[in-house]
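Residue numbers for the sequence shown follow the numbering used here, so the first one is 729 and each next one is one higher.
One structure is given below, encoded as structure tokens.
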Amino acid sequence: MKTVLVFKTSVLGKGHVRTLKPLLNQLIDKNGHWNFDLEDCDNILRVETQHVRAQNISTLLEKNGFSCEELH
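The following block contains the structure:
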């Protein structure tokens with residue numbers, strides 16, 4: 729069963745997304761999916777996954793210089 733995780737981030741543009749793409753692809757399982765909504769005021773990251781925890785995603789973004797807060 730897939731879980732949908734939603735995060736508020738400081739990712740500001742396509743250049744940032746390109747930087748994070750290989751890292752997120754490596755973290756998210758094959759059956760998972762992720763995308764950013766950069767038109768939203770909170771620069772939303774939405775992740776569909778079966779196995780990855782929210783903390784792992786937050787840590788990945790924070791280690792790469794971005795803020796990342798899970799929304800409930």
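Quick reminder that beta carbons are idealized off the backbone N, C-alpha and C, glycines included.
Test item: CB-CB of residue i and residue j under 8 Å
i, j, result
"ASP757", "GLN778", "yes"
"VAL739", "LEU773", "yes"
Closest residue to residue i among the options (Cα-Cα distance)
i, options, result
"THR731", "GLU776, LEU740 and ASN792", "GLU776"
"GLY760", "ARG746, ARG781 and HIS744", "ARG781"
"SER786", "LYS742, LEU751 and GLU767", "LEU751"
Beta-carbon separation (whole angstroms), residue i vs residue j, contact threshold 8 Å
i, j, result
"GLU736", "ASP770", "The question names Glu, but residue 736 is Lys in the sequence shown. Right, the Cβ-Cβ distance comes to about 4 Å (below 8 Å), so this counts as a contact."
"GLU797", "LEU733", "In fact, because the Cβ distance is near 11 Å, the residues do not count as touching under 8 Å."
"ASN792", "LEU748", "7 Å"
query: Going along the chain, which unbroken runs of the alpha helix (DSSP H) with 4 or more residues stay wholly within the region 762–792?
result: 782–791
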